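Below is one structure, written out as structure tokens, with a few remarks after it.
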Amino acid sequence: MGFVFCKDDLSEIRNIILDNKSPAPARLGVIAPIDVFIPPGPTGMDPSHTSFFQSLGISTKIVKGQIEIQEHVHLIKQGEKVTASSATLLQKFNMKPFSYGVDVRTVYDDGVIYDAKVLDITDEDILEKFSKGVSNVAALSRATGVITEASYPHVFVEAFKNIVALIIDSDYTFPLMENIKKMVENPEAFAAVAAPASAAKADEPKKEEAKKVEEEEEEAEDAFMGIWNV
Numbered sequence: 008m009g010f011v012f013c014k015d016d017l018s019e020i021r022n023i024i025l026d027n028k029s030p031a032p033a034r035l036g037v038i039a040p041i042d043v044f045i046p047p048g049p050t051g052m053d054p055s056h057t058s059f060f061q062s063l064g065i066s067t068k069i070v071k072g073q074i075e076i077q078e079h080v081h082l083i084k085q086g087e088k089v090t091a092s093s094a095t096l097l098q099k100f101n102m103k104p105f106s107y108g109v110d111v112r113t114v115y116d117d118g119v120i121y122d123a124k125v126l127d128i129t130d131e132d133i134l135e136k137f138s139k140g141v142s143n144v145a146a147l148s149r150a151t152g153v154i155t156e157a158s159y160p161h162v163f164v165e166a167f168k169n170i171v172a173l174i175i176d177s178d179y180t181f182p183l184m185e186n187i188k189k190m191v192e193n194p195e196a197f198a199a200v201a202a203p204a205s206a207a208k209a210d211e212p213k214k215e216e217a218k219k220v221e222e223e224e225e226e227a228e229d230a231f232m233g234i235w236n237v
């Protein structure tokens, strides 16, 4: 157990501590923190070691005077003790499958003690949870009829819809209603205004393609004329 005193960002300090790990060999009797696999392929060992691989149940063959492992081997399982034969094989391969370092478990910050997993929470996570909570409050407010700050935008929208429905057929109006009334009275005019804009956007790629074709034709003509000028 140890203590790390720091003034900088706790998440950065924790990450620096976790990144500082040292590779270690698989020693006899050690509980494996991870699974250990041996990939198939040449081992660089001569055929005299064949019996050793057979004792481990590893399928091999002799290729160009050396032992070659034929299949992917799950040598050590996580949580199991490392056997003598497994430790010897990894030593022959000069493999250090394990790594050891400091694990940050608890944080003390401004008089509060909490689990280090809290440091994994980002500002984006907090904002997402907050937004979801506001949405839930707004939905509950609308369902119960109790107005809250979260439901204000929805209340205003519903109120405006009710106002529009109430006075759409009357002579009364106000600035925001004028365009709506014009749209209801003459929808074809608004459709005609919107159509050229959308058509113009659709024509832009065609114009660009036509321009490219013209440029290519001009380049071809220039090249052709250049032949006669030589």
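Quick note on our numbering: the sequence shown kicks off at 8 and runs consecutively. Even for Gly, the Cβ is constructed at its ideal location relative to N, Cα and C. All values reported here derive from a predicted model rather than from experimental measurement.
- [ ] For the alpha helix (DSSP H) holding I74, just list the boundary residues, first then last.
- [x] It is not in any alpha helix (DSSP H) - I74 instead sits in the beta strand (DSSP E) that spans 73-76.
For the ligand ATP, I want to know if M102 counts as a neighbour, meaning its beta carbon is within less than 7 Å of at least one of the ligand's heavy atoms.
As presented, the structure is devoid of all ligands, the ligand ATP included, so that no description of it is given.
- Message: At the level of alpha carbons, what is the spacing between E185 and G152?
- Response: 30 Å
- Return the CA-CA distance between F5 and T67, expressed in angstroms with no decimal places. Residue 5 is absent from the model: the chain starts at 8 and stops at 237.
query: From D176 to K136, what distance separates their C-alpha atoms?
result: 44 Å
Same chain only: Cβ atoms within 7 Å of G51, ignoring 5 sequence neighbours per side: Q73
So does the stretch 106-114 actually touch the stretch 28-35, counting three or more Cβ pairs closer than 8 Å?
yes
Quick check: the Cα distance between L147 and V89, rounded to an integer number of angstroms?
57 Å
Notebook entry, point to check: Nearest-angstrom Cα distance between A198 and V162?
Noted result: 30 Å
In chain order, what residues of the same chain have a beta carbon less than 8 Å from the beta carbon of F44, not counting five sequence neighbours either side? H79, V80, H81, L82
Query - Beta carbon of Q85 nearer than 8 Å to that of P40 - result: yes
- Task: State the Cα-Cα distance for the pair V164 and A196, rounded to the nearest angstrom.
- Result: 26 Å
* Asked: Distance, Cα to Cα, P8 vs I24?
  -> At residue 8 the sequence reads Met, which differs from the Pro that was named. Approximately 14 Å between the Cα atoms of the pair.
*Leaving out five residues on either side along the sequence, give the residues of the same chain with a beta carbon under 8 Å from the beta carbon of A123.*
R21, V111, R112, T113, V114
Just to check my reading of the structure: S158 and A172 have Cβ atoms closer than 8 Å, yes? What is that Cβ distance to the nearest angstrom?
20 Å between Cβ atoms; not a contact.
(message) I believe L126 touches S18 by the beta-carbon criterion, under 8 Å. Please report the beta-carbon distance rounded to the nearest angstrom.
(response) 5 Å
Starting from P179, trace the beta strand (DSSP E) in both directions and tell me its first and last residue.
It is worth fixing the name first, because residue 179 is Tyr in this sequence and not Pro. Premise fails: Y179 is in no beta strand (DSSP E) and is neither H nor E.
*asked:* Runs of 4 residues minimum, wholly inside the stretch 33-69: which ones carry the alpha helix (DSSP H) assignment?
replied: 57-62
Identity of the residue in F10, V119, D16 nearest T129 by Cα: D16
Tell me the rounded alpha-carbon separation between G118 and D132. 24 Å
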